[in-house]
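Participant: Have a look at the structure that comes next, please.
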Ligand code: XIL
């Protein structure tokens, strides 16, 4: 049958794909597969998110506001992913630049983009030791003042995005490598109870949002992930609303693959919380070469397989999808090439490896 020149479906995932295909069948037409892998060849129609959805998971990407003017970039961003995380625009310095003065312009821009593309939004992040506004870090606060500031921040931001953000990284990077609490501004003045408080306040502001603790270097079992395991267990025992543990997944080829990732995800699932890989990128010492890109592809597949093997691992987010906008080169000297698409938006071996890993059909039960 000749393919009619229907407008190519902008969204090809999930129900919309089924709907379009069914509608086309009824009309006796065929829908042309959308080519959007960015690899120059005719790609299969299913996106990474479509494939993840077949397993009941999502596949997402971070993005940042300046990038939203790059049309080839936004086309792929809008098509391939089911969830979006703002890389910077929901952090404290962006949302409350002056005490009590909130600015949601940039966060809203990301939410609007996501909604226009029928994507869900992961909120990142309500409290963190980094990217705090100057007024907060330079002030001297009594415990009562700081508690009130934190409560107001958490509740104002969560309320603003109520119904628009499905999960929040409530607390980001609150542990040290040795499993002790990071002595951030909040810990120093309020003690460890600020974590349970923040979770409770967030829950009051949006009872439907899934609330996460999120950190890096927690992909393997060790003192840092153990500390989260114990903390989450205690929070659950105390009836504190905590629903998920986010493993950022900033991996580096030179440090070896976190071999017990799946086992680690499973033990959190056994605590009855969700897990998610929230900021995945797999960097390498530059220059990249074929062997490193092949190893990177294998790691992306292994991360994906680990998540798929654990029921409560709900999704994977890459920390932006293209090397064009990766944070790595600016933060890790001499390293980069960390994402599944290269600087020219061309799909790398990692992209195909993720596809293959997601393409294995779930067993029917
Ligand atoms: C990074 C952003 O991608 C950069 O643009 C910014 O300059 C610094 O922060 N862990 C996190 C993220 O939780 O918020 C960080 O994002 C990357 C490390």
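In our numbering, the protein residues as written are 1199 to 1563.
A virtual CB, placed ideally from N, CA and C, is assigned to each residue, including glycine.
The structure presented is a predicted model; accordingly, all values stated were derived computationally and were not measured.
Using CA atoms only, rank isn't needed, just tell me which of 1298, 1281, 1369, 1328 is closest to residue 1347.
Facilitator: 1298
Participant: Measure the alpha-carbon distance for residue 1563 versus residue 1513 and round it to whole angstroms.
Facilitator: Here residue 1563 scores only 46 on pLDDT, less than 50, and its place in the model is too uncertain to base an answer on.
Participant: If I follow the unbroken alpha helix (DSSP H) through residue 1509, where does it start and stop?
Facilitator: Unbroken run through residue 1509: none, as it is neither H nor E.
Participant: Compute the distance between the beta-carbons of residue 1442 and residue 1463, then report whether it is under 8 Å.
Facilitator: no
Participant: With contact counted as at least three CB pairs below 8 Å, one residue from each stretch, are the segment 1370 to 1389 and the segment 1405 to 1422 in contact?
Facilitator: By the criterion of at least three beta-carbon pairs nearer than 8 Å, the segment 1370 to 1389 is in contact with the segment 1405 to 1422.
Participant: Just the Cα atoms here: how many angstroms apart are residue 1549 and residue 1342?
Facilitator: Using only the alpha carbons, I get a separation of about 49 Å.
Participant: State buried or exposed for residue 1488, treating a residue as buried only when at least 16 other CB atoms are found within 10 Å of its CB.
Facilitator: exposed
Participant: Return the chain-ordered ranges of every alpha helix (DSSP H) run that is complete within the segment 1446 to 1531 and spans a minimum of 4 residues.
Facilitator: 1459 to 1468, 1488 to 1507, 1526 to 1529
Participant: Does the separation of the CB atoms of residue 1509 and residue 1470 fall below 8 Å?
Facilitator: Not in contact: residue 1509 and residue 1470 (Cβ atoms no closer than 8 Å).
Participant: Using only alpha-carbon positions, find the residue among 1323, 1384, 1555, 1528 that is nearest to residue 1289.
Facilitator: 1323
Participant: Please report the straight-line C-alpha distance between residue 1326 and residue 1362, rounded to a whole angstrom.
Facilitator: The alpha-carbon atoms of residue 1326 and residue 1362 are separated by roughly 21 Å.
Participant: So, helix, strand or coil for residue 1367, using DSSP?
Facilitator: If DSSP states are grouped into helix, strand and coil, residue 1367 belongs with the strands.
Participant: Buried or exposed: where does residue 1551 fall if 16 or more other Cβ atoms within 10 Å of its Cβ makes it buried?
Facilitator: Around the CB of residue 1551, 16 or more other CB atoms lie within 10 Å, so the residue is classed as buried.
Participant: Could you tell me whether the Cβ atoms of residue 1256 and residue 1280 are closer together than 8 Å?
Facilitator: Cβ atoms of residue 1256 and residue 1280: closer than 8 Å.
Participant: Counting along the chain, where does the alpha helix (DSSP H) carrying residue 1350 start and finish?
Facilitator: 1341 to 1358
Participant: Buried or exposed, going by whether 16 or more other CB atoms sit within 10 Å of the CB of residue 1245?
Facilitator: buried
Participant: Between the segment 1443 to 1452 and the segment 1474 to 1482, do at least 3 Cβ pairs fall closer than 8 Å?
Facilitator: yes
Participant: Taking the straight line between their C-alpha atoms, what separation do you get for residue 1531 and residue 1456?
Facilitator: 22 Å
Participant: With 16 other CB atoms within 10 Å as the buried threshold, where does residue 1485 fall?
Facilitator: exposed
Participant: Excluding sequence positions up to five away, which residues of its chain have a Cβ less than 7 Å from the Cβ of residue 1337?
Facilitator: none
Participant: Count the other CB atoms within 10 Å of the CB of residue 1515; is the residue buried (16 or more) or exposed (fewer)?
Facilitator: buried
Participant: Report the CB separation of residue 1282 from residue 1312 in whole angstroms; it is logged as a contact under 8 Å.
Facilitator: 4 Å
Participant: Is residue 1415 near ligand 1 - that is, is its Cβ less than 7 Å away from at least one heavy atom of it?
Facilitator: Checking the Cβ of residue 1415 against ligand 1 gives no.
Participant: Less than 8 Å between the C-beta atoms of residue 1400 and residue 1394, yes or no?
Facilitator: no
Participant: Do you know whose CA, among 1308, 1542, 1386, 1452, lies nearest residue 1340's CA?
Facilitator: 1386
Participant: With 16 other CB atoms within 10 Å as the buried threshold, where does residue 1453 fall?
Facilitator: exposed
Participant: Looking only at C-alpha atoms, which of 1437, 1491, 1350, 1461 sits nearest to residue 1504?
Facilitator: 1461
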